[in-house]
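Residue numbers (the UniProt record's numbering): 1 to 192.
Glycine included, each C-beta is placed from N, C-alpha and C at the ideal position.
Values in this document were obtained by computation on a predicted structure and should not be read as measured data.
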């Protein structure tokens, strides 16, 4: 438990949306779960894996090529901006809103994300990219000058605590090593 939050006692709702053939799972916390609620819902209605949301670590300095003008539809994390990563069969991209992908990850990292999702059947694993605001300003300027731009991002991997060992071994086998996250772990357990 972190910051007094009992993640294991919250009710969750998952929804899936499909944009341009990309499936995206969203998890919503519905509030505290009363003992009677837990008994009356089946395990498929209350995804037990979300009871223990954990940050497994960060893949640092991943390259992402800018594909469209950057927009500020992100979550501000102090000196960094945060964007979700969405993975398809052919690429992984930074997502800044409905049907809005503005940068694609390098092939190696995109492949690792895809293989990891395939291995776990996409079960409740999520990826979040963090971009330094100075890097972001450089990307905006490059776009205005109509020049190519490659961003450097850190990618945090989140999911159920019980997947930590599996994810670590899988990534290590492909020589991708998780580092301690510099951001994105407020109110989330970090598995070290």
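Residue range 126-132 is occupied by the beta strand (DSSP E) that includes residue 126.
In the same chain as residue 122, and ignoring 5 residues on each side of it, no C-beta atom comes closer than 6 Å to its own.
Taking the Cα of residue 112 as reference, the smallest distance to any Cα among 168, 185, 187 is reached at 168. The residues 57, 58, 60, in chain order, have a CB closer than 7 Å to that of residue 179 in the same chain once the five nearest residues on each side in sequence are set aside. When the beta-carbon positions are compared, residue 154 and residue 182 come within less than 9 Å of each other. Residue 174 has its alpha-carbon roughly 31 Å from the corresponding atom of residue 134.
The straight-line gap separating the alpha-carbon atoms of residue 188 and residue 53 is approximately 7 Å.
The residues 93, 101, 102, 103, 104, in chain order, have a CB closer than 8 Å to that of residue 67 in the same chain once the five nearest residues on each side in sequence are set aside. Collapsing the DSSP output to three states places residue 123 in coil. Note that the C-beta distance between residue 131 and residue 152 is below 9 Å. The continuous stretches of beta strand (DSSP E) do not include residue 161, and DSSP gives it neither H nor E. Here the alpha carbon of residue 118 sits roughly 10 Å from the alpha carbon of residue 89. Residue 110 places its beta carbon less than 9 Å from that of residue 87.
For residue 63, the enclosing beta strand (DSSP E) starts and ends at 53-66.
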